[in-house]
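In the working numbering, the protein residues as written are 37 to 571.
We treat Cβ as the ideally placed atom computed from N, Cα and C, and that holds for glycine.
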Ligand code: ADP
């Protein structure tokens, strides 16, 4: 047949080429601890990435080599991303909040040959150098670094910016992210050029992140958490402005949002709790903010309401490292105009709908597909072109079934209109009298109670019911709240048999390296707690 279309491999560096060519003067702003602000733009990022790619080749790095970063969010880190990928490397973003043993494990497992780091992590780097077996070069982003280390600025200063990105197949790997490994060792997820590029194309769309050239994006999510939720790619794709901060103090973030005109932001619920408390206490507002994406853990109703009351769109997002990370986002439905405020809020408390490219289903214990009736909860499975097939260097083989379904480890119900409702991680589910109690629902209902700052529901062994829930509660500073008040509040939101048998007040709750409640530790600690109801 005559006629046809052109082809080019769907490689990530085309995104940066586009940003440089079409949006070269659009800014990248980085606020560093201490108040220093560094301004660059997409043309500057592209130029510096070419210099860095040259420097990496000069150091002997080659296509496919793993290039580690241990850093906060800032423009130099962004240059390292694109420079590493541009020279054909596999960028490995290391989670700075992991414990020493995990940091040693993942850099050795990834066989990182070079590590870029922030001077703030210098003591950690010096401590672990003897245990990292594959790293040959250390590059400090903001200073000379330790003995024998290289300086990022000096590396760039020594290079010209004449460089052509390494080409290759669109299925080649370009990035490696490890899950935070709340159980066992972290597992590596290897992203490819093609999967990353098409993920970015869907991420910018209106129902997902709604990004455009006018967007000013402040990713609060760290660049090491699930590819920084892919915002470094999608923002470049539309030529948006990126605003980064290494300082997470709510007051500093609020100033930055005002000063730079931030329109879009994204992060886990815990960071928004702190920001909201600050904004309220200081009597401030959110500036030009139009959209906040909340994910990583379920967004509490009160938080969603807070933002929507102020005209800010909440994109309640569900995803995971294994999904690049986008799975679903709660965007307005076709019948949005006919819904009451309360109905809209009910909808937004769920995890939203899939974009084109992600498919979901739920199955029961025997693997039978469950109906999308909004009631049947089962194991959530997913498939699509940006979803994992096999973990990095995992001898266990592929983690999908013969039809490509990947088991997410989440328990969920799907509604007739396609909306996803996560009820738990399968490990966190509370099994009582043969039925499941959603710890997420309990926790989110609890934080809607005045005086409650944070809550965790965990299952405690029970002679009759197998397990019963208890609720661990952190009070809001300076506020009184009684167990009875919390129970009364919960009674309005969950089934009676879900109500916790006991409510215990604690000073703080443990969190994972990505800011989520550390349920494994809590379950260990309280599994054998003696309930008075069990006596
Ligand atoms: P980690 O395993 O390091 O926490 P991820 O960030 O990839 O890494 O975690 C993905 C998991 O986080 C999901 O499988 C799900 O359990 C949970 N999660 C993410 N977003 C949401 C959400 N909006 N609501 C409930 N759970 C969520």
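Identify the residues that DSSP records as bridge partners of residue i: which are they?
i: residue 472; result: 467
i: residue 104; result: 128, 151
i: residue 505; result: 495
i: residue 176; result: 153, 187
i: residue 418; result: 396, 442
i: residue 213; result: 225
i: residue 349; result: 327
i: residue 122; result: Its beta-bridge partners do not exist; DSSP assigns none.
i: residue 547; result: 553
i: residue 566; result: According to DSSP, which records beta bridges pairwise, residue 566 is partnered with nothing at all.
i: residue 448; result: 414, 458
i: residue 436; result: 442
Using CA atoms only, rank isn't needed, just tell me which of the options is closest to residue i.
i: residue 74; options: 191, 216, 296; result: 296
i: residue 419; options: 410, 427, 401, 393; result: 393
i: residue 60; options: 216, 198, 249; result: 249
i: residue 547; options: 162, 346, 306; result: 306
i: residue 408; options: 401, 396, 402; result: 396
i: residue 207; options: 198, 213, 228, 201; result: 228
i: residue 410; options: 108, 403, 402, 398; result: 398
i: residue 413; options: 455, 432, 437, 237; result: 455
i: residue 502; options: 529, 468, 478; result: 468
i: residue 257; options: 272, 237, 282; result: 282
i: residue 328; options: 317, 320, 366, 121; result: 366
i: residue 333; options: 475, 66, 373; result: 475
i: residue 52; options: 268, 177, 244, 404; result: 268
i: residue 350; options: 293, 291, 244, 284; result: 244
i: residue 368; options: 386, 44, 70; result: 386
i: residue 543; options: 508, 450, 209, 146; result: 508
i: residue 118; options: 527, 551, 266; result: 266
i: residue 288; options: 72, 500, 58; result: 72
i: residue 481; options: 182, 423, 339; result: 339
i: residue 449; options: 432, 284, 388, 442; result: 388
i: residue 136; options: 115, 159, 116, 121; result: 159
i: residue 428; options: 191, 210, 162, 443; result: 210
i: residue 326; options: 337, 343, 335; result: 343
i: residue 231; options: 530, 569, 425; result: 425
i: residue 347; options: 359, 299, 382; result: 299
i: residue 166; options: 144, 422, 152, 178; result: 144
i: residue 421; options: 405, 442, 402; result: 442
Spatial neighbours of residue i within its chain, please: CB distance less than 8 Å, with the 5 preceding and 5 following residues excluded, ordered by chain position.
i: residue 93; result: 123
i: residue 461; result: 445, 446, 447, 555
i: residue 523; result: 535, 536, 539
i: residue 567; result: 496, 498, 504, 506, 537, 538
i: residue 55; result: 62, 78, 81, 82, 272, 273, 275
Can you list, in chain order, the residues of its chain with a C-beta nearer than 6 Å to that of residue i? Leave out the 5 residues immediately preceding and following it.
i: residue 204; result: none
i: residue 277; result: 62, 63, 252
i: residue 214; result: 142, 222, 224
i: residue 465; result: 447, 472
i: residue 101; result: 125, 149
i: residue 292; result: 67, 281
i: residue 86; result: 197, 199
i: residue 127; result: 103, 117, 120, 121, 211
i: residue 191; result: 91
So, for residue i: in the same chain, excluding its five sequence neighbours on each side, which residues have a beta-carbon less than 7 Å away from its beta-carbon?
i: residue 274; result: 240, 247, 248, 249, 251
i: residue 139; result: 130, 164
i: residue 294; result: 323
i: residue 260; result: 129, 130, 131, 132
i: residue 226; result: 209, 212, 428
Please indicate yes or no: does the CB of residue i lie closer than 6 Å to some heavy atom of ligand 2?
i: residue 458; result: By its list of ligands, the structure shown excludes ligand 2, since it contains just ligand 1.
Consider the Cβ of residue i: report whether some Cβ of chain D lies at a distance smaller than 7 Å.
i: residue 54; result: The structure shown contains no chain D; it holds only a single protein chain.
Practice task
Inspect the CB distances between the region 163-178 and the region 194-207 and report whether three or more fall short of 8 Å.
Solution key: no
Exercise for the section: At 4 residues or longer, and completely inside the region 250-301: list those alpha helix (DSSP H) runs for me, N to C. Expected result: 267-274, 286-296
Exercise for the section: Could you tell me which uninterrupted alpha helix (DSSP H) segments, each at least 4 residues in length, are contained entirely in the region 45-115, listed from first to last along the chain? Expected result: 49-59, 78-94
Practice task
Give a yes or no on contact between the region 120-139 and the region 183-195, applying the rule of three or more CB pairs nearer than 8 Å.
Solution key: no
Problem - Given 8 Å, three or more beta-carbon pairs between the region 504-520 and the region 483-493 - result: yes
Practice task
State whether the region 80-93 contacts the region 105-121, with contact taken as three or more CB pairs (one from each stretch) at a distance under 8 Å.
Solution key: yes
Exercise for the section: Within the region 354-380, note down every full beta strand (DSSP E) run reaching 3 residues or more, in order along the chain. Expected result: 362-365
Exercise for the section: Examine the Cβ distances between the region 308-322 and the region 559-568 and report whether three or more of them are shorter than 8 Å. Expected result: no
Handout entry: Segment contact flag, the region 492-510 with the region 423-440, C-beta cutoff 8 Å, min 3 pairs
Key = no
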